[in-house]
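Okay, so here's the structure we're looking at.
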Amino acid sequence: MATQILDTLAKISKSYKNAIPYKKYNLSENEYKVLYALSELGAVNSFAYLKEKVKLHDSQISVLLSGLNTKGFVVRKKSDNDRRSVDMNITDEGMQAMKGLKAEMEALEEKLTKLLGEENAEKYIELSTTLSKAFKTK
Numbered sequence: 011m012a013t014q015i016l017d018t019l020a021k022i023s024k025s026y027k028n029a030i031p032y033k034k035y036n037l038s039e040n041e042y043k044v045l046y047a048l049s050e051l052g053a054v055n056s057f058a059y060l061k062e063k064v065k066l067h068d069s070q071i072s073v074l075l076s077g078l079n080t081k082g083f084v085v086r087k088k089s090d091n092d093r094r095s096v097d098m099n100i101t102d103e104g105m106q107a108m109k110g111l112k113a114e115m116e117a118l119e120e121k122l123t124k125l126l127g128e129e130n131a132e133k134y135i136e137l138s139t140t141l142s143k144a145f146k147t148k
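Residues in the sequence shown are numbered consecutively from 11, following the working numbering.
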């Protein structure tokens with residue numbers, strides 16, 4: 011039974027990664043997390059605040075922001091008010107990518123909810139959350 015559970019989890023994980031169109035928008039999953047946070051928060055000048063929102067390490071966020079900057083999705087500049095601080099903003103191009111990706115993800119969620127039905131979708135979320143907590147490392 012344990013092998014079946016692990017095999018099923020592996021299949022779901024692979025299917026999920028293939029279903030989300032990150033690559034279509036030239037994004038990785040973690041770049042999406044950072045871009046999503048910036049699209050929701052607007053301008054951010056606190057690295058710690060961004061870190062709290064996306065639940066990634068400082069070094070990861072720094073690399074992701076550099077990549078997003080290179081792709082033209084994010085701009086970083088020294089704060090006018092505090093030279094030690096850096097303002098991080100999503101660009102119009104970044105907002106367009108987020109808008110398209112959010113729409114596709116909402117459509118996918120709707121498709122899955124129709125496929126599973128409301129009750130099974132809720133059970134799936136509950137089970138997935140339990141499994142996610144079980145595999146989480148500290």
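Glycine residues also receive a C-beta, built at the ideal position from the N, C-alpha and C atoms.
Would you kindly check if the distance between the Cβ of residue j and the Cβ of residue i is under 7 Å?
i: Y35; j: A107; result: yes
i: F83; j: E114; result: no
i: M105; j: R86; result: no
i: S56; j: I100; result: no
i: I71; j: K61; result: yes
Let's see if you can read the secondary structure: which residues bound the alpha helix (DSSP H) around residue i?
i: N36; result: Neither: N36 is in no alpha helix (DSSP H) and is coded neither H nor E.
i: K133; result: E128 to F145
i: V54; result: V54 -> no alpha helix (DSSP H), and no H or E assigned at all.
i: I71; result: D68 to T80
Whole angstroms is fine: what's the gap from residue i's alpha carbon to residue j's?
i: K65; j: K121; result: 28 Å
i: K24; j: E132; result: 21 Å
i: A47; j: M11; result: 39 Å
i: I22; j: Q14; result: 12 Å
i: T123; j: E116; result: 10 Å
i: G52; j: V44; result: 12 Å
i: S138; j: E128; result: 15 Å
i: K81; j: K109; result: 16 Å
i: K146; j: N130; result: 24 Å
Taking residue i and residue j to be in contact with their CB atoms under 8 Å, please state how far apart those CB atoms are, rounded to whole angstroms.
i: L141; j: L19; result: 7 Å
i: A29; j: L111; result: At roughly 12 Å, the Cβ-Cβ gap does not stay under 8 Å, so A29 and L111 are not in contact.
i: Y3; j: L126; result: Nothing about residue 3 can be reported from this structure: the residues present for the chain run from 11 to 148 only.
Taking residue i as part of the beta strand (DSSP E), name the residues at either end of that continuous run.
i: N99; result: V96 to I100
i: K87; result: V84 to K88
For the structure I just gave you, are there three or more beta carbon pairs, one from the region 34 to 48 and one from the region 68 to 82, closer than 8 Å? Contact holds: three or more Cβ-Cβ distances are below 8 Å.
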